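Numbering (my numbering), first residue to last: 6 to 165.
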Amino acid sequence: MSHHLDDHELASAAVGGPLESERLAHLEGCVSCRRSVKLFLDHVENRRRTMEEETPNWDDHLAEVLGSLPSVPAAPISIRRRWLNPLLAAAATITIAVGAGMFVHKSGPAPAPTPRPEIAIEEILAQADSLLAEDGILDFDVLDNITDDDLTALLGTQNS
């Protein structure tokens with residue numbers, strides 16, 4: 006016993022599409038499947054008729070729109086008025102460009118700092134060497150004898 010045709014097979018049979026030979030034999034012998042195909046075709050035909058009735062009459066719409074338009078044509082725009090808007094737009098563009106240029110020019114990069122006079126490093130080192138060479142100016146032996154505990158104590162008293 007073969008099963009009834011599914012929806013895809015019914016639609017294919019309705020439009021004359023291919024079916025397997027055993028499914029075609031079932032369709033020819035089954036009243037229920039033939040009735041389903043006929044109902045499908047009737048539904049398609051009813052929908053087609055409904056769509057044709059729902060299609061608007063574009064000629065009527067065109068006549069309605071044209072009837073609502075003024076019968077007098079619009080007055081031509083004078084040459085003076087035609088050039089006014091582009092001229093004003095060009096003037097505004099030039100004004101903005103000049104203003105932006107002036108702003109950028111005035112607020113340009115900051116001036117370079119004035120250079121400091123050159124310090125003669127060799128001269129400073131020579132003076133330091135001469136001061137260190139003199140006896141009694143600096144006693145590095147005292148600094149060598151300071152321990153870490155002395156530094157901690159010294160720094161602790163300065164911070165408080």
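All C-beta atoms, glycine included, are put in the ideal place defined by N, C-alpha and C. What you are looking at is a predicted structure, and each value in this text was computed from that prediction instead of being measured.
Starting from His66, follow the alpha helix (DSSP H) in both directions and report where the run begins and ends. Indexing the sequence shown from 1 puts residue 66 at position 61. Its alpha helix (DSSP H) spans residues Trp63 to Ser73.
His110 by DSSP, collapsed to three states: which one? As a working note, residue 110 is residue 105 in the sequence shown. Reduced to three states, the DSSP call for His110 is helix.
Flag His8 as yes when its Cβ comes closer than 7 Å to any non-hydrogen atom of the ligand GDP, and as no otherwise. The ligand GDP is absent from the structure shown, which contains no ligands of any kind.
Just the Cα atoms here: how many angstroms apart are Ser97 and Leu89? Position 92 of the sequence shown, counting from 1, holds the residue named residue 97. Position 84 of the sequence shown, counting from 1, holds the residue named residue 89. The sequence shown places Ala at residue 97, not Ser. Ala97 and Leu89: Cα-Cα distance of roughly 12 Å.
What do you get for Glu14, buried or exposed, if any count of 16 or more other CB atoms within 10 angstroms of its CB means buried? One-based indexing of the sequence shown puts residue 14 at position 9. With 16 or more other Cβ atoms within 10 Å, it is buried.
Is it true that the CB of Val42 sits closer than 8 Å to the CB of Ala19? Within the sequence shown, residue 19 is the residue found at index 14, counting from 1. Within the sequence shown, residue 42 is the residue found at index 37, counting from 1. Going by C-beta atoms, Ala19 is nearer than 8 Å to Val42.
Quick one, are the C-beta atoms of Leu44 and Arg28 less than 8 Å apart? Counted from its first residue, the sequence shown places residue 44 at position 39. Counted from its first residue, the sequence shown places residue 28 at position 23. No, Cβ-Cβ distance for Leu44 and Arg28 is not below 8 Å.
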